[in-house]
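Novice: Taken in sequence, the protein lines are chains A and B. So for the first sequence, UniProt numbering puts the first residue at 1; every next one is plus one. So for the second sequence, UniProt numbering puts the first residue at 1; every next one is plus one. Even for Gly, the Cβ is constructed at its ideal location relative to N, Cα and C. Structure below; questions to follow.
2 protein chains.
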Amino acid sequence: MSAFRWVCESTEGRARAGFLHTAHGVVPTPTFMPVGTVGTVKAMTMDAVRSTGAGIVLGNTYHLMLRPGAEKVRALGGLHRFMDWKGPILTDSGGFQVMSLGALRKLDQDGVTFASHIDGSKHRLTPERSTDIQHALDATITMCFDECPALPAPVEAIEASMRLSMRWAARSREAFARREGYGQFGIVQGGTELGLRAESVRALTDIGFEGYAVGGLAVGEGQALMFATLDGTVPLMPEGAPRYLMGVGTPDDLLGAVERGIDMFDCVMPTRAGRTARAYTERGTLNLRNARHALDTRPLSPDCDCLACTRHDRAYLHHLFRANEMLGPMLLTWHNLAYYQRLMRGIRAAIVAGDLAGHAGRLRAGWASDDWTPDEMPYPDLPPVP
Amino acid sequence: MSAFRWVCESTEGRARAGFLHTAHGVVPTPTFMPVGTVGTVKAMTMDAVRSTGAGIVLGNTYHLMLRPGAEKVRALGGLHRFMDWKGPILTDSGGFQVMSLGALRKLDQDGVTFASHIDGSKHRLTPERSTDIQHALDATITMCFDECPALPAPVEAIEASMRLSMRWAARSREAFARREGYGQFGIVQGGTELGLRAESVRALTDIGFEGYAVGGLAVGEGQALMFATLDGTVPLMPEGAPRYLMGVGTPDDLLGAVERGIDMFDCVMPTRAGRTARAYTERGTLNLRNARHALDTRPLSPDCDCLACTRHDRAYLHHLFRANEMLGPMLLTWHNLAYYQRLMRGIRAAIVAGDLAGHAGRLRAGWASDDWTPDEMPYPDLPPVP
Numbered sequence: 001m002s003a004f005r006w007v008c009e010s011t012e013g014r015a016r017a018g019f020l021h022t023a024h025g026v027v028p029t030p031t032f033m034p035v036g037t038v039g040t041v042k043a044m045t046m047d048a049v050r051s052t053g054a055g056i057v058l059g060n061t062y063h064l065m066l067r068p069g070a071e072k073v074r075a076l077g078g079l080h081r082f083m084d085w086k087g088p089i090l091t092d093s094g095g096f097q098v099m100s101l102g103a104l105r106k107l108d109q110d111g112v113t114f115a116s117h118i119d120g121s122k123h124r125l126t127p128e129r130s131t132d133i134q135h136a137l138d139a140t141i142t143m144c145f146d147e148c149p150a151l152p153a154p155v156e157a158i159e160a161s162m163r164l165s166m167r168w169a170a171r172s173r174e175a176f177a178r179r180e181g182y183g184q185f186g187i188v189q190g191g192t193e194l195g196l197r198a199e200s201v202r203a204l205t206d207i208g209f210e211g212y213a214v215g216g217l218a219v220g221e222g223q224a225l226m227f228a229t230l231d232g233t234v235p236l237m238p239e240g241a242p243r244y245l246m247g248v249g250t251p252d253d254l255l256g257a258v259e260r261g262i263d264m265f266d267c268v269m270p271t272r273a274g275r276t277a278r279a280y281t282e283r284g285t286l287n288l289r290n291a292r293h294a295l296d297t298r299p300l301s302p303d304c305d306c307l308a309c310t311r312h313d314r315a316y317l318h319h320l321f322r323a324n325e326m327l328g329p330m331l332l333t334w335h336n337l338a339y340y341q342r343l344m345r346g347i348r349a350a351i352v353a354g355d356l357a358g359h360a361g362r363l364r365a366g367w368a369s370d371d372w373t374p375d376e377m378p379y380p381d382l383p384p385v386p
Numbered sequence: 001m002s003a004f005r006w007v008c009e010s011t012e013g014r015a016r017a018g019f020l021h022t023a024h025g026v027v028p029t030p031t032f033m034p035v036g037t038v039g040t041v042k043a044m045t046m047d048a049v050r051s052t053g054a055g056i057v058l059g060n061t062y063h064l065m066l067r068p069g070a071e072k073v074r075a076l077g078g079l080h081r082f083m084d085w086k087g088p089i090l091t092d093s094g095g096f097q098v099m100s101l102g103a104l105r106k107l108d109q110d111g112v113t114f115a116s117h118i119d120g121s122k123h124r125l126t127p128e129r130s131t132d133i134q135h136a137l138d139a140t141i142t143m144c145f146d147e148c149p150a151l152p153a154p155v156e157a158i159e160a161s162m163r164l165s166m167r168w169a170a171r172s173r174e175a176f177a178r179r180e181g182y183g184q185f186g187i188v189q190g191g192t193e194l195g196l197r198a199e200s201v202r203a204l205t206d207i208g209f210e211g212y213a214v215g216g217l218a219v220g221e222g223q224a225l226m227f228a229t230l231d232g233t234v235p236l237m238p239e240g241a242p243r244y245l246m247g248v249g250t251p252d253d254l255l256g257a258v259e260r261g262i263d264m265f266d267c268v269m270p271t272r273a274g275r276t277a278r279a280y281t282e283r284g285t286l287n288l289r290n291a292r293h294a295l296d297t298r299p300l301s302p303d304c305d306c307l308a309c310t311r312h313d314r315a316y317l318h319h320l321f322r323a324n325e326m327l328g329p330m331l332l333t334w335h336n337l338a339y340y341q342r343l344m345r346g347i348r349a350a351i352v353a354g355d356l357a358g359h360a361g362r363l364r365a366g367w368a369s370d371d372w373t374p375d376e377m378p379y380p381d382l383p384p385v386p
């Protein structure tokens with residue numbers, strides 16, 4: 001077991017390729033973490049998740065504390081054993097989910113009291129309790145318990161919220177049990193106010209964490225403002241530590257954030273889209289419910305090695321969604337996660353090769369272009385049926 | 001490609017072990033066919049189906065003619081390519097499903113007119129149309145279009161229905177396109193009336209088919225009457241042809257039917273049970289929603305090599321069903337199909353070894369006994385979580 005650390009392999013501009021060393025293995029970065037909310041990446045077996053090349057997955061403190069409960073997961077051997085994932089696991093702190101409960105939660109300076117969305121039972125999260133839960137889950141990476149307002153919000157509200165999060169960050173750090181190969185990330189807040197973001201970075205680096213996340217973005221501000229915030233924030237963050245942009249995003253968001261120095265991502269988009277018939281490809285997105293796919297014998301993408309693309313055609317996927325068969329979400333989630341991992345591998349390889357600029361241009365041109373032409377992806381010859 | 005034929009390897013009493021040779025491969029019998037209603041075995045990838053050892057799967061004419069439509073499946077290369085199953089496929093004729101529509105269907109001597117359960121659209125099935133659809137699907141085994149009443153029913157109704165089915169069987173045979181390695185099965189009807197069953201067997205053998213099914217059972221008559229009907233019917237059926245008991249059943253039903261000379265089965269039980277938290281094991285069934293599984297770190301069964309049993313514990317499966325996660329039905333369907341295939345392999349091996357009687361006794365004792373004891377299946381040591 002080695003120390004928790006991030007090692008830079010190569011840079012191009014502000015973009016970085018590196019390796020994240022943890023107690024549960026080494027993950028090449030930039031990396032995308034599939035979301036395993038409640039101990040499962042929805043509609044996927046862990047073998048399928050592994051087959052996409054994912055190196056680290058995410059779990060949710062809020063969901064797991066309610067069901068099955070943190071102490072149960074501890075008694076069952078921790079989240080790695082429970083969900084059959086031997087690699088590193090990052091758990092969020094529950095802060096973001098609790099804040100999303102709206103009227104169901106009550107915030108004070110010490111923490112948050114809330115009612116479960118499942119059965120209305122009362123629960124409380126504080127920086128100490130959130131950190132303890134993440135220990136019980138045996139998270140490789142523990143996140144600080146924080147608070148963030150939805151944007152847009154008055155500057156005063158963003159400022160007060162950021163400062164509360166920084167006090168909670170110090171308490172989260174105090175509660176964190178240091179172990180070889182495990183780490184804790186602080187979360188930079190401050191909305192789109194660059195001055196507040198800078199103050200937040202200073203507060204967190206004064207405390208000192210194994211990694212730093214950018215929180216409170218992708219909450220309605222739009223891509224341009226998100227990128228501007230990253231432009232003003234990421235360069236202030238420690239160079240030697242991993243940087244994680246929370247809850248982001250589309251393939252285009254990921255590319256732009258890597259160009260701005262981000263190393264880690266998580267998002268429900270590829271999994272949620274997979275359950276709602278939306279496929280990500282090198283040529284943009286496809287809605288498999290659309291009637292134009294009904295007789296299309298081509299794969300989703302000629303460049304994909306997932307089960308959906310190597311064994312089935314668009315017509316079959318269309319049929320599965322029209323018939324409300326579970327295999328539709330299963331195959332399309334698999335495809336989308338495979339696409340996200342392939343995207344990150346390609347971006348990483350381009351950074352190492354010193355060709356991120358060229359690669360990024362080709363990626364964006366692909367997303368903006370039409371579907372593959374018949375020359376690029378011919379319809380296959382079908383075996384005769386009498 | 002070889003001729004469609006069933007070859008006997010071994011018998012014990014009336015039970016038979018053999019091989020079914022088809023255009024799409026050889027299947028050891030007795031065999032259980034997973035149900036792929038609408039071009040997918042629910043909650044399973046075809047790789048998962050293959051991993052259980054299944055040799056032949058079933059498709060439904062009624063469901064596939066409505067969605068995506070038989071001509072679409074033909075244009076897409078047939079059902080094998082469509083659902084990624086290279087092995088043999090048996091398709092039912094649609095008769096049973098159409099009869100189940102009740103008020104939505106209207107029967108005449110020529111066929112049945114019915115309204116789709118999906119959108120109410122009008123459709124018609126006749127022996128000729130059902131056979132044509134099964135050709136369009138490229139079924140390895142085509143079933144005769146038949147009609148059967150729910151039991152109990154007046155003898156006159158069962159008799160009239162059987163005779164109509166026999167006239168339809170002759171028309172189905174007339175419409176069947178003979179091809180090397182493909183076969184068509186006639187369906188013995190007659191309820192629990194042994195005289196009518198005998199008449200039905202004679203009518204079908206006079207026509208001549210590649211195989212013979214027993215239909216119209218497991219429709220409410222109970223196991224004892226079902227077995228009595230098999231006792232009076234199966235010995236009359238041709239010895240050199242495969243015998244298929246339609247829509248049956250529990251593990252105990254399968255064992256008893258094999259002992260009475262049946263070679264092939266299909267049933268939604270293992271897949272449907274898997275979606276509703278019910279697991280089949282060598283020690284009877286488990287309901288994974290039951291709270292007693294919440295902290296149980298043992299696998300479902302110590303004898304099972306499925307993904308659920310080799311990677312996960314009962315506590316995790318319980319959690320998945322409580323949290324309504326798709327992975328619960330996915331894993332439990334996999335387990336149940338693996339169990340059914342293992343059951344059939346064990347029964348087949350016992351027939352070949354001349355020990356079916358002993359094996360059957362042990363199977364029945366297992367189903368009747370309590371869960372494995374701690375000595376038989378100890379709780380595993382768990383890795384420490386700080």
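Indicate whether B/Arg197 and B/Gly190 have their beta-carbon atoms separated by less than 7 Å.
Specialist: In this structure, B/Gly190 lies closer than 7 Å to B/Arg197 by Cβ.
Novice: Closer than 7 Å by beta-carbon distance: list the chain B residues that pair up with A/Phe321, in chain order.
Specialist: Neighbours of A/Phe321 on chain B: none; closest Cβ ~11 Å, over 7 Å.
Novice: Please state whether the Cβ-Cβ distance between B/Gly95 and B/Phe145 is less than 7 Å.
Specialist: Cβ distance < 7 Å, so B/Gly95 and B/Phe145 count as in contact.
Novice: Indicate whether at least one CB of chain A lies closer than 7 Å to the CB of B/Arg178.
Specialist: Not one chain A Cβ lies under 7 Å of B/Arg178.
Novice: Run through the DSSP bridge pairs and tell me what A/Glu12 is partnered with.
Specialist: Beta-bridge pairing links A/Glu12 to A/Ala15.
Novice: Indicate whether A/Thr297 and A/Tyr379 have their beta-carbon atoms separated by less than 7 Å.
Specialist: Contact flag set, yes.
Novice: Could you tell me which chain A residues have their CB closer than 8 Å to the CB of B/Pro329, listed as they occur along the chain?
Specialist: Those within 8 Å of B/Pro329 in chain A are Met326.
Novice: Can you check whether the CB of B/Pro270 is closer than 7 Å to the CB of B/Leu337?
Specialist: Yes.
Novice: Would residue 433 of chain B and B/Glu12 qualify as a contact pair, given that the criterion is a beta-carbon distance under 7 Å?
Specialist: Because chain B is modelled from 1 through 386, residue 433 of chain B falls outside the range shown and cannot be assessed.
Novice: Return the residue from the list B/Tyr316, B/Leu332 and B/Pro374 that minimises the CA-CA distance to A/Thr40.
Specialist: The shortest Cα separation from A/Thr40 among B/Tyr316, B/Leu332 and B/Pro374 belongs to B/Tyr316.
Novice: Could you tell me whether the Cβ atoms of residue 387 of chain B and B/Gln341 are closer together than 7 Å?
Specialist: With chain B represented from 1 up to 386, any question about residue 387 of chain B goes unanswered, as that position is not in the structure.
Novice: Just verifying my parser: in three-state terms, what is the DSSP assignment at A/Pro28?
Specialist: Looking at A/Pro28 - three-state DSSP - the assignment turns out to be strand.
Novice: Is DSSP giving B/Gln109 helix, strand or coil here?
Specialist: In this structure, B/Gln109 counts as coil in the three-state DSSP scheme.
Novice: Hey, how far is the Cα of B/Val268 from the Cα of B/Gly215?
Specialist: When rounded, the distance between both Cα atoms is 15 Å.
Novice: Check the C-beta distance from B/Arg67 over to B/Val38 and give it rounded, since I have them as a contact under 8 Å.
Specialist: So it is a contact: roughly 6 Å between Cβ atoms.
Novice: Comparing alpha-carbon positions, which option in A/Phe227, A/Pro235, A/Met166 and A/Leu194 lies nearest A/Phe209?
Specialist: Comparing Cα positions, the closest option is A/Met166.
Novice: For a test of the three-state rule: what should DSSP assign to B/Asn324, helix, strand or coil?
Specialist: It is coil, neither helix nor strand.
Novice: Using CA coordinates, which residue listed in B/Ala17, B/Met44 and B/Ala3 is at the minimum distance from B/Arg272?
Specialist: Considering only alpha carbons, the answer is B/Met44.
Novice: Can you list the residues of chain A that B/Lys86 reaches, using a CB-CB cut of under 9 Å?
Specialist: Here the premise fails: no neighbours, minimum Cβ distance about 11 Å.
Novice: So does A/Glu193 have its beta carbon nearer than 6 Å to some heavy atom of the ligand FAD?
Specialist: Among the components of this structure there are no ligands whatsoever, and the ligand FAD is therefore not found.
Novice: I need the straight-line Cα distance from A/Lys72 to B/Leu382, nearest angstrom please.
Specialist: Cα to Cα, the separation comes out at about 13 Å.
Novice: Sorted by chain position, which residues of the same chain lie with C-beta nearer than 7 Å to B/Ser369's C-beta, five sequence neighbours on each side aside?
Specialist: The answer, listed in chain order, is Arg283.
Novice: Counting only Cβ pairs nearer than 9 Å, list the residues of chain B close to A/Tyr62.
Specialist: Ordered by position in chain B, no residue passes the 9 Å Cβ test against A/Tyr62, which lies about 13 Å from the chain.
Novice: What does A/Ala315 reach in chain B if we use C-beta pairs closer than 8 Å?
Specialist: Neighbours of A/Ala315 on chain B, chain order: Pro68, Lys72, Leu76 and Phe82.
Novice: When you check each C-beta in the segment 121–134 of chain B against every C-beta of chain A, which residues fall closer than 7 Å?
Specialist: Against chain A - using a Cβ distance shorter than 7 Å - the segment 121–134 of chain B contributes no residues.
Novice: Does the contact criterion of 3 or more C-beta pairs under 8 Å hold for the segment 15–22 of chain B versus the segment 345–359 of chain B?
Specialist: Touching, per the Cβ criterion.
Novice: Look at A/Val35 and A/Leu58 and say whether their C-beta atoms are less than 7 Å apart.
Specialist: Yes; because the gap between Cβ atoms is below 7 Å, this pair is in contact.
Novice: Tell me which residues of the segment 288–311 of chain B have at least one Cβ-Cβ distance to chain A shorter than 8 Å, keeping chain order.
Specialist: Listed by position along the chain: Ala294, Leu295, Thr297, Leu307 and Arg311.
Novice: Short of 9 Å Cβ to Cβ, which residues in the segment 142–167 of chain A face chain B?
Specialist: Answer set for the segment 142–167 of chain A: empty.
Novice: So for A/His117, helix, strand or coil by DSSP?
Specialist: In the structure shown, A/His117 sits in coil (DSSP, three-state: anything other than H, G, I, E or B).
Novice: So is A/Leu58 in contact with chain B if we call contact Cβ pairs under 7 Å?
Specialist: Not one chain B Cβ lies under 7 Å of A/Leu58.
Novice: Do we get a CB-CB distance below 7 Å when we pair A/Asp375 with the residues of chain B?
Specialist: No, no contact with chain B.
Novice: Can you tell me whether B/Ser130 is buried or exposed? The criterion is at least 16 other CB atoms within 10 Å of its CB, across all chains shown.
Specialist: When all chains shown are included, B/Ser130 counts as buried.
Novice: How many Å lie between A/Gly261 and B/Ala136 at the Cα?
Specialist: Approximately 56 Å between the Cα atoms of the pair.
Novice: With DSSP run on the structure shown, which of helix, strand or coil describes B/Asp375?
Specialist: Coil, per DSSP.
Novice: Tell me which residues share the same chain as B/Ala103 and place their Cβ nearer than 8 Å to its Cβ, disregarding the 5 neighbours each side in the sequence.
Specialist: Once the five neighbours on either side are set aside, B/Ala103 has no close Cβ partner at all.
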